[in-house]
Structures are given as C-alpha cells and as structure tokens.
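Reviewing the structure listed below.
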Amino acid sequence: RYIGQADESTKMLLANLIRASELVQSFKKVAVDQSSEARRTFAMRQYLQEILLSLRPKLKRTQHQILIEGPDDLELNSFPGAFSQVVTNLIVNSLVHAFDDMEDGIIRIEFNQDGSLAVLHYHDNGKGIDDQHLPRIFDPFFTTKRGQGGSGLGLHLVYNIVTSTLRGTIECESEVGKGTHFIIRVPMNPELSGATA
1003 RYIGQADEST
1013 KMLLANLIRA
1023 SELVQSFKKV
1033 AVDQSSEARR
1043 TFAMRQYLQE
1053 ILLSLRPKLK
1063 RTQHQILIEG
1073 PDDLELNSFP
1083 GAFSQVVTNL
1093 IVNSLVHAFD
1103 DMEDGIIRIE
1113 FNQDGSLAVL
1123 HYHDNGKGID
1133 DQHLPRIFDP
1143 FFTTKRGQGG
1153 SGLGLHLVYN
1163 IVTSTLRGTI
1173 ECESEVGKGT
1183 HFIIRVPMNP
1193 ELSGATA
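In my numbering, the protein residues as written are 1003 to 1199.
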C-alpha cells in the first residue's frame, strides 16, 4: 500500500513539476518578447496559448473562459512582443470593463489567413460598450473607470501597437448587453506586405 501511494504521489509531483516548467518557459518567452522589439517567425495558436499561460495567475481567480480557434499551422513573421501586448491588453480590458459584474464571461479568439493578412477576431460576451462611448475607445485617457483604477491607456496602446508596430488595422463592434468584438488585420510579413487591410 505504501509503495502504491508513493508511486501515485511521485506521478502527481512529476506532473506538477512539468506544468511548473511549462509555465516558467512560457513566462520567460513572453517576457523576453515584450521587452524587446525582436522580430521572428511564430505560430499564432501556440503563441496565444503561451500568452494565456502567462496570464493564468490573473485568470485563475475567476470563472471566465478563453477559447482559441484557428489553424495550427498559421505563422507570422512579425513582432511577437507587440502581438502579446495587444492580446494581453484586450483580455485585461475585458476583465476590468466587460466582466466587472460577471463571474462566468467567455472570450473567443478566432484567427485565420486572408491573403497576405492574418485576421484575428476577439469576442467577449460582456456588457458591451455604449454607443456614445464607442467612437472614443481608442482615444488616450478615455475611460469609463476614472477613479476606479482605469487609466484610459489600454485600448489606446492596443491601437498604436496594431497600426504602428504591426502595421495593421483594428476595428471595434459592440452593443450594450451583447458583448464586444474587435477585428484586427495585420500583415503576415509587414516588410513585404505593408499595411494594406
């Protein structure tokens, strides 16, 4: 009985060590990417999963779900650090604004290729954005959480990274009570493709 329990404990320990190792590797990769302007080829699905791993401490305190849908083999030759900052800011924005009174929100990140562009659809089923606020969401310092921790820079930063570093475009569709949908189009290879979207 002791040997059986020891064997089971060892397997659990090994599984947790492997999971911890994966987390550390993911943290290191995303942290290095975010602190440098290095350009490299990366698989979008795998990198999205690494970003989610790095956000696990923030997400594990919630019941929210994040679903990723898209081809395994879609690769970009771009700036993964900038890409990581965009996705991280969108997720944090959903947690702070869209889900501030929800316990079980759903975020769907869908991506595909359209010619020379990678297209990313980011959906949340949160409370949505009021029509009067929608035209201003990318403005610097605009926030509906003034005095509650909102800086008004999250989506402004997202807009600047998408249009400047990634040389793409970003649009937002939203309706109160029906969630928010961001559509991001970026060149698969910015130097070759330019910012045609």
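Cβ coordinates follow ideal geometry from the N, Cα and C atoms, glycine included.
These numbers come from a predicted model, not from an experiment.
C-alpha distance - residue i paired with residue j, whole-angstrom precision
i, j, result
"Asp1009", "Ala1022", "20 Å"
"Phe985", "Thr1012", "Outside the shown range of the chain, which is 1003 to 1199, sits residue 985, and nothing can be said about it."
"Leu1050", "Asn1079", "15 Å"
"Ile1186", "Leu1122", "5 Å"
"Leu1054", "Ile1070", "10 Å"
"Ile1088", "Asp1132", "Sequence check: residue 1088 is Val here, not Ile. Their backbone Cα atoms lie some 22 Å apart in a straight line."
"Phe1081", "Gln1065", "31 Å"
"Thr1165", "Ala1017", "41 Å"
"Arg1047", "Arg1138", "31 Å"
Classification of residue i by the beta-carbon crowding that lies within 10 angstroms, buried from 16 upward
i, result
"Thr1182", "buried"
"Asn1095", "buried"
"Met1014", "exposed"
"Leu1019", "exposed"
"Asp1141", "exposed"
"Gly1006", "exposed"
"Thr1167", "buried"
"Gly1179", "exposed"
Nearest residue (CA-CA) to residue i, options the options
i, options, result
"Ala1040", "Ile1053, Asn1127, Ser1086", "Ser1086"
"Leu1157", "Ile1172, Ser1056, Ala1120", "Ile1172"
"Ile1108", "Arg1169, Lys1129, Pro1137", "Lys1129"
"Lys1060", "Thr1090, Asp1116, Glu1177, Val1188", "Thr1090"
"Asp1103", "Asn1127, Gly1072, Pro1189", "Asn1127"
Identity of the residues DSSP links to residue i by a beta bridge
i, result
"Ala1045", "Glu1077"
"Glu1071", "Glu1112"
"Tyr1124", "Ile1111, Phe1184"
"Pro1189", "Leu1119"
"Ser1139", "Sequence check: residue 1139 is Ile here, not Ser. The partner list for Ile1139 (beta bridge, DSSP) is empty, contrary to what the question assumes."
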